[in-house]
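To start, the structure itself, in structure tokens.
Protein chains in written order, with the UniProt record's numbering: chain G, 1 to 409; chain S, 1 to 130.
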């Protein structure tokens, strides 16, 4: 293998060397515990607050609204369980979508076992949630709506602002009628550092983010909690994070997260343009060179670096293994790669038949990718598909094209 | 999850790929909804499987087990072929990751289905002769 091409940035990103550099002093030099009284801990305390301000800035939030966590999964658990339990006297209904990340879906499923009622709204064929369905799912008992900002598999960006505005109107009426307000959470793990986010403009109450999805370190994330939000803690212990998240702060990680936010603020706009051009180049070539391909996700409302396709008559893992052999990394929503018997819940929610969903491939591009990387995929993928299709048991029609055929010939 | 070298070898360079147009028996196993489907074609002479080919839609393990089962079955009598279990196929590949063991069932079922089809055709032929 003469080169390695990483095209799985929605799974994780390399930590930016500038981030690593910023973190370094906080391991063995400035290792003080921010909770300690003595002067030596001063530097750690300051670093914590500087990082908090940087994370707040990328969201246009206030620093006191940022709570550091161990990552996106904890932030999602904190938001959803925290709101559910703090507001359970007011209601027990939660609204989410069918295409959320498992950190949200499985948290909701757990809450269902605890007596909460969760409504999973549908999406259209591009993965966009239906606003009217959300609206009609709201009852007096609804306490939380949680909809992801952008989907990790297909990259579709949800109409968060529209949901936020709709909820604000509903909440105004509810408050005048003495009814409890509905909180709005978004899992923004795939969007922070990639597209501009303003929590005030979007009317969000809670937002989850994760460091390692945008060139920060793994094991650190944050939850934005708007002031005056009624929320319970997930972790109990000391008085860290304004009594809302116990545990000694991961200072190196938090400093790294702050640095990643600072870099993203400067570079995300330029990067988005670059990724979009590369992604479109790849998409166009794949459609042209490989027949019977479906592009998943919204044509416009989609993350710049994400390309999800279904290659008919071929299974995803077998394509990934062949690509890996050529030094190209990507991912798939096939059952074989998810460790379950069913293909991706996201692709099924789009209405894609299971047998087609098994042939999914996701390329997620990032900062270091080049045109040469893309051209290499364009060079290697078509023969891989051809080889696997030649092995496929599906019937050939009169024109020699492949078709699904499970009947005996 | 990691595949053995043998699995990768059979996956990247599978043996006996294709179809036999005048097959004496054709077997199918799997389900496209679950993500694997396999077709096995056999030629039989004097109770011995003289030729075998497969077509598979599936993951690395599904393709590798298809390839391996055809190698194991080729040249065997019908009776011997029926005794080949999915475990034997997996062992011949130096093992499969636990979550992939069900893929080896596909190989066993495909061969059994092809033999059943062959026997059915034989019966019909014999009846025709009578």
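For each residue, glycine too, the CB sits at the ideal point set by N, CA and C.
All of these numbers come straight from a predicted model, not from anything done at the bench.
Near residue i, which residues of its chain fall below 6 Å by C-beta distance, leaving aside the five closest residues on each side in sequence?
{"i": "residue 408(G)", "result": "Interpretation of residue 408(G) is limited by its pLDDT of 39, a score under 50 that renders its predicted location unreliable; no figure is taken from the coordinates."}
{"i": "residue 1(G)", "result": "Note that residue 1(G) scores a pLDDT of 49, beneath 50, so its modelled location is shaky; the value from the coordinates is reported in the next line. Within the same chain, residue 1(G) has close Cβ partners 327."}
{"i": "residue 36(S)", "result": "30, 58, 62 and 106"}
{"i": "residue 53(G)", "result": "63"}
{"i": "residue 157(G)", "result": "150 and 301"}
{"i": "residue 73(G)", "result": "103"}
{"i": "residue 398(G)", "result": "The predicted model places residue 398(G) with a pLDDT of 47, which falls under 50 and marks its position as unreliable; any figure quoted below should be read in that light. So no residue of the chain qualifies."}
{"i": "residue 353(G)", "result": "none"}
{"i": "residue 6(S)", "result": "93 and 94"}
{"i": "residue 325(G)", "result": "none"}
Quick check on residue i: does DSSP put it in helix, strand or coil?
{"i": "residue 174(G)", "result": "helix"}
{"i": "residue 59(S)", "result": "coil"}
{"i": "residue 70(S)", "result": "helix"}
{"i": "residue 394(G)", "result": "coil"}
{"i": "residue 302(G)", "result": "strand"}
{"i": "residue 223(G)", "result": "strand"}
{"i": "residue 76(G)", "result": "helix"}
{"i": "residue 296(G)", "result": "strand"}
{"i": "residue 105(S)", "result": "helix"}
{"i": "residue 11(G)", "result": "coil"}
{"i": "residue 310(G)", "result": "strand"}
{"i": "residue 406(G)", "result": "Its pLDDT being 45, under 50, residue 406(G) is placed unreliably in this model, and the value from its coordinates should be taken loosely. Coil at residue 406(G), not helix or strand."}
{"i": "residue 28(G)", "result": "helix"}
{"i": "residue 150(G)", "result": "strand"}
{"i": "residue 185(G)", "result": "strand"}
{"i": "residue 229(G)", "result": "coil"}
{"i": "residue 85(S)", "result": "coil"}
{"i": "residue 161(S)", "result": "Residue 161(S) cannot be examined here, being either before or after the span of chain S that is shown, 1 to 130."}
{"i": "residue 83(G)", "result": "helix"}
{"i": "residue 320(G)", "result": "helix"}
Output needed for residue i: all residues of its chain with C-beta closer than 8 Å, excluding positions within five of it in sequence on either side, in chain order.
{"i": "residue 130(G)", "result": "121, 122, 123 and 124"}
{"i": "residue 315(G)", "result": "334, 336, 358, 359 and 388"}
{"i": "residue 197(G)", "result": "58, 59, 60, 149, 188, 191 and 207"}
{"i": "residue 243(G)", "result": "233"}
{"i": "residue 49(G)", "result": "63"}
{"i": "residue 87(G)", "result": "143, 144, 180, 183 and 230"}
State yes or no: is the C-beta of residue i within less than 7 Å of the C-beta of residue j?
{"i": "residue 246(G)", "j": "residue 272(G)", "result": "no"}
{"i": "residue 80(G)", "j": "residue 116(G)", "result": "no"}
{"i": "residue 253(G)", "j": "residue 220(G)", "result": "yes"}
{"i": "residue 317(G)", "j": "residue 334(G)", "result": "yes"}
{"i": "residue 164(G)", "j": "residue 128(G)", "result": "no"}
{"i": "residue 155(G)", "j": "residue 351(G)", "result": "no"}
{"i": "residue 364(G)", "j": "residue 9(G)", "result": "yes"}
{"i": "residue 33(S)", "j": "residue 153(G)", "result": "no"}
{"i": "residue 261(G)", "j": "residue 55(G)", "result": "yes"}
{"i": "residue 329(G)", "j": "residue 7(G)", "result": "yes"}
{"i": "residue 117(S)", "j": "residue 25(S)", "result": "yes"}
{"i": "residue 285(G)", "j": "residue 66(G)", "result": "no"}
{"i": "residue 235(G)", "j": "residue 60(S)", "result": "no"}
{"i": "residue 248(G)", "j": "residue 33(G)", "result": "yes"}
{"i": "residue 231(G)", "j": "residue 385(G)", "result": "no"}
{"i": "residue 278(G)", "j": "residue 307(G)", "result": "no"}
Could you list which residues in chain G have their beta carbon closer than 8 Å to that of residue i, in chain order?
{"i": "residue 56(S)", "result": "391, 392 and 393"}
{"i": "residue 135(S)", "result": "The requested residue 135(S) is not part of the displayed model; chain S covers only 1 to 130."}
{"i": "residue 63(S)", "result": "318 and 391"}
Using a C-beta to C-beta distance shorter than 7 Å, which residues of chain S count as neighbours of residue i?
{"i": "residue 321(G)", "result": "11 and 60"}
{"i": "residue 382(G)", "result": "Near residue 382(G) there are no residues of chain S at all, since even the closest Cβ is about 17 Å away, more than 7 Å."}
{"i": "residue 335(G)", "result": "34 and 35"}
{"i": "residue 426(G)", "result": "What the structure shows of chain G is the stretch from 1 to 409, and residue 426(G) is not part of that stretch, so it cannot be assessed."}
For residue i, I'd like the list of residues in its chain whose CB is within less than 7 Å of its CB, leaving aside the five on either flank, ordered along the chain.
{"i": "residue 137(G)", "result": "95, 119 and 121"}
{"i": "residue 111(S)", "result": "27, 40, 69, 73, 81 and 84"}
{"i": "residue 264(G)", "result": "58, 193 and 214"}
{"i": "residue 23(S)", "result": "41, 42 and 43"}
{"i": "residue 90(G)", "result": "143 and 180"}
{"i": "residue 4(G)", "result": "327"}
{"i": "residue 139(G)", "result": "93"}
{"i": "residue 40(G)", "result": "32"}
{"i": "residue 225(G)", "result": "65, 67, 206 and 231"}
What does residue i reach in chain S if we use C-beta pairs closer than 8 Å?
{"i": "residue 313(G)", "result": "57"}
{"i": "residue 343(G)", "result": "35"}
Using a Cβ cut-off of 9 Å, pull out every chain G residue sitting near residue i, in sequence order please.
{"i": "residue 38(S)", "result": "393"}
What in chain G is Cβ-close to residue i, meaning under 7 Å?
{"i": "residue 98(S)", "result": "Those within 7 Å of residue 98(S) in chain G number zero; the least Cβ separation is about 10 Å."}
Name the chain S residues that come within less than 9 Å of residue i, Cβ to Cβ?
{"i": "residue 325(G)", "result": "8 and 12"}
{"i": "residue 252(G)", "result": "What residue 252(G) touches in chain S: nothing, since even the nearest Cβ is about 31 Å away."}
Discussion item. Does the segment 70-90 of chain S come into contact with the segment 6-26 of chain S, if we say contact requires no fewer than three beta-carbon pairs (one atom in each stretch) closer than 8 Å?
Written reply: yes
Worksheet item: Do the segment 84-98 of chain G and the segment 137-153 of chain G meet, that is, are 3 or more Cβ pairs less than 8 Å apart?
Response: yes
Discussion item. Taking 8 Å as the cut-off, does the segment 45-54 of chain S touch the segment 15-22 of chain S (at least 3 CB pairs, one atom from each stretch)?
Written reply: yes
Practice prompt. Tell me, please, whether the segment 280-299 of chain G touches the segment 263-270 of chain G by the rule of three or more beta-carbon pairs shorter than 8 Å.
Written response: no
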